[in-house]
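Engineer:
Numbering (mature numbering (1 follows the signal peptide of the UniProt record, and there is no 0)), first residue to last: -25 to -1, 1 to 298.
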């Protein structure tokens, strides 16, 4: 392993000095982000003052992604690397072990933020889905992020689906940019303040829109909506786990099918940017309608070109929940 790390470091160093390798303009700082929610924060707060890039391509799953030597080069070339947290991008710990963090500033965007608890044991709870004591308590994010085999989650990483949490992350990004580039502090402060105002307004839209929702239970394929449910007094029932690629057992599928039938649930929410096969199985067995609800983990280049962003997709989520 040590030899492998030395080899990767050699590749990184070689790539940075060999002519022809991309070198960013020196008049702007370069910020490398992992996936869309981080890219959007950096882009909105940095504005025209920085170059912002995204490590993962559209459709790549941050939960299961495995970093490459090319990624190490890209991160090392950047002035600042921003990722969600150790509960989301498991690959980051290995990546940072071969990156010189004295040369590249690193920000874990949820640093200092208290997070909700993570994975539930679906086999043991038998889809009783009652909120266990302490389920909604917040947890100190300073705990060690040790993951069991299969990447279990001690904390739920999908903070950006609650505008209030996302606003706290925005503050962290702003501070990191100011530390990196104090000459543009006024720009970053102004942009962050505007973003915070918009997130506050979005939060109010969700509060008002969901206040009189008669059925407050949402059945989802991917257990990504814990923060949204927590913020707006909803109950999330998930077919699979926190990882986007998690596959439920036959027993879990049967149990969820029973729950959907017993509760007369009419809708199962799925993210159309990922495979919906699991939900289609439950839908066919129960007659429940499949309806889109985006996790925002993925957004296509075409959508970005068409003007779609965090706010437009979140508002579409609200429209689907109140449809």
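Don't be surprised by glycine CBs; every beta carbon is placed ideally from N, CA and C.
Can you tell me the Cα-Cα spacing of residue 51 and residue 71, whole angstroms?
Structural biologist: Residue 51 sits at position 76 when you count from the first residue of the chain shown. Residue 71 sits at position 96 when you count from the first residue of the chain shown. Taking the straight line joining both Cα atoms gives about 9 Å.
Engineer: With DSSP as the reference, please indicate the residues paired to residue 58 in a beta bridge.
Structural biologist: As a working mapping, residue 58 is identified with position 83 in the chain shown. In DSSP, residue 58 forms a bridge with 83.
Engineer: Can you give me the start and stop residues for the beta strand (DSSP E) that residue 26 sits inside?
Structural biologist: Locating residue 26 in the chain shown gives position 51, where the first residue counts as 1. Element bounds for residue 26: 25 to 29.
Engineer: To the nearest angstrom, how far is it from the Cα of residue 45 to the Cα of residue 187?
Structural biologist: What you label residue 45 is simply residue 70 of the chain shown in a count that begins at 1. What you label residue 187 is simply residue 212 of the chain shown in a count that begins at 1. The C-alpha of residue 45 lies about 50 Å from the C-alpha of residue 187.
Engineer: Which residue comes first and which comes last in the alpha helix (DSSP H) that contains residue 151?
Structural biologist: Locating residue 151 in the chain shown gives position 176, where the first residue counts as 1. 138 to 155 is the span of the alpha helix (DSSP H), which, as asked, contains residue 151.
Engineer: Relative to the C-alpha of residue 133, which residue among 12, 2, 275 is closest?
Structural biologist: In the chain shown, the residue the question calls residue 133 occupies position 158. With distances taken between Cα atoms, residue 133 lies closest to 12.
Engineer: Using CA atoms only, rank isn't needed, just tell me which of 155, 252, 129 is closest to residue 63.
Structural biologist: Locating residue 63 in the chain shown gives position 88, counting from the first residue. Answer by Cα proximity: 129.
Engineer: In whole angstroms, what is the alpha-carbon distance linking residue 149 and residue 163?
Structural biologist: In the chain shown, residue 149 corresponds to position 174, counting from 1. In the chain shown, residue 163 corresponds to position 188, counting from 1. Cα to Cα, residue 149 sits roughly 6 Å from residue 163.
Engineer: Determine, for residue 231, whether the minimum Cβ-Cβ distance to residues of chain B falls below 9 Å.
Structural biologist: In the structure shown, chain B cannot be found, because there is only a single protein chain.
Engineer: Do the segment 234 to 247 and the segment 163 to 174 touch if we need at least three Cβ pairs shorter than 8 Å?
Structural biologist: no
Engineer: For my contact list, residue 241 and residue 214 are in at a C-beta cut-off of 8 Å; report their separation, rounded to the angstrom.
Structural biologist: Here the question's residue 241 lines up with position 266 in the chain shown. Here the question's residue 214 lines up with position 239 in the chain shown. Residue 241 to residue 214, Cβ: 16 Å. No contact.
Engineer: Just the Cα atoms here: how many angstroms apart are residue 91 and residue 35?
Structural biologist: By one-based count along the chain shown, residue 91 stands at place 116. By one-based count along the chain shown, residue 35 stands at place 60. Roughly 25 Å between the two C-alpha positions.
Engineer: By DSSP, does residue 212 sit in helix, in strand, or in coil?
Structural biologist: Residue numbering aside, residue 212 sits at position 237 when the chain shown is read from its first letter. It is a strand residue.
Engineer: According to DSSP, simplified to helix, strand and coil, what is residue 19?
Structural biologist: Your numbering for residue 19 matches position 44 in the chain shown. Here residue 19 sits in helix by DSSP.
Engineer: For residue 182, is the classification buried or exposed, using 16 other Cβ atoms within 10 angstroms of its Cβ as the cut-off for buried?
Structural biologist: For the purposes of this step, residue 182 is identified with residue 207 of the chain shown, where counting begins at 1. The residue in question, residue 182, is exposed, as its Cβ has fewer than 16 Cβ neighbours within 10 Å.
Engineer: Should residue 287 be labelled buried (16 or more other beta-carbon atoms within 10 Å of its own) or exposed?
Structural biologist: Reading the chain shown from its first residue, position 312 is the one you call residue 287. It counts as exposed.
Engineer: State the start and end residues of the unbroken beta strand (DSSP E) segment that holds residue 244.
Structural biologist: As a first step, residue 244 is located in the chain shown; it is residue number 269 there, counting from the start. 242 to 245 is the span of the beta strand (DSSP E), which, as asked, contains residue 244.
Engineer: Need the endpoints of the beta strand (DSSP E) that residue 238 sits in, please.
Structural biologist: In the chain shown, the residue the question calls residue 238 occupies position 263. Segment: none, residue 238 is in no beta strand (DSSP E) and carries neither H nor E.
Engineer: So is residue 191 buried or exposed if we call it buried at 16+ other beta carbons inside 10 Å?
Structural biologist: Sequence index remark: in the chain shown, residue 191 carries index 216 (1-based). Counting Cβ neighbours within 10 Å, residue 191 comes out exposed, since fewer than 16 surround it.
Engineer: Buried or exposed for residue 298, please, with buried defined as at least 16 other CB atoms from any protein chain shown within 10 angstroms of its CB.
Structural biologist: By 1-based counting over the chain shown, the position of residue 298 is 323. It is exposed - the Cβ of residue 298 has fewer than 16 other Cβ atoms within 10 Å.
Engineer: Between which residues of its own chain and residue 116 is the CB-CB distance below 8 Å, once the five residues before and five after are set aside?
Structural biologist: In the chain shown, residue 116 corresponds to position 141, counting from 1. Bear in mind that the predicted position of residue 116 carries a pLDDT of just 42, short of 50, making it unreliable; the figure below should be weighed with that in mind. 60, 85, 86, 87, 88, 89, 90, 130.
Engineer: Compute the distance between the beta-carbons of residue 49 and residue 156, then report whether it is under 9 Å.
Structural biologist: On the chain shown, residue 49 is found 74 positions in, with the first residue counted as 1. On the chain shown, residue 156 is found 181 positions in, with the first residue counted as 1. Going by C-beta atoms, residue 49 is not nearer than 9 Å to residue 156.
Engineer: Work out the CA separation of residue 161 and residue 17 for me, nearest whole Å.
Structural biologist: Residue numbering aside, residue 17 sits at position 42 when the chain shown is read from its first letter. Residue numbering aside, residue 161 sits at position 186 when the chain shown is read from its first letter. So the two alpha carbons sit approximately 15 Å from each other.
Engineer: Determine the contact status of residue 243 and residue 228, defining contact as a CB-CB distance below 9 Å.
Structural biologist: Taking the chain shown and counting its residues from 1, the one referred to as residue 243 is at position 268. Taking the chain shown and counting its residues from 1, the one referred to as residue 228 is at position 253. In this structure, residue 228 does not lie closer than 9 Å to residue 243 by Cβ.
Engineer: Going by C-alpha distance, which of 74, 6, 14, 29 is nearest residue 54?
Structural biologist: Locating residue 54 in the chain shown gives position 79, counting from the first residue. That would be 6, whose Cα lies nearest to the Cα of residue 54.
Engineer: Which residues bound the beta strand (DSSP E) around residue 269?
Structural biologist: In the chain shown, residue 269 corresponds to position 294, counting from 1. Where residue 269 is concerned, there is no enclosing beta strand (DSSP E), given that its DSSP letter is neither H nor E.
Engineer: Which two residues bound the contiguous alpha helix (DSSP H) that contains residue 288?
Structural biologist: On the chain shown, residue 288 is found 313 positions in, with the first residue counted as 1. Note, residue 288: alpha helix (DSSP H), 285 to 296.
Engineer: Determine the burial state of residue 144: buried for a count of at least 16 other Cβ atoms within 10 Å of its Cβ, exposed for fewer.
Structural biologist: For this step, residue 144 is matched to residue 169 along the chain shown. Buried: at least 16 other Cβ atoms inside 10 Å.
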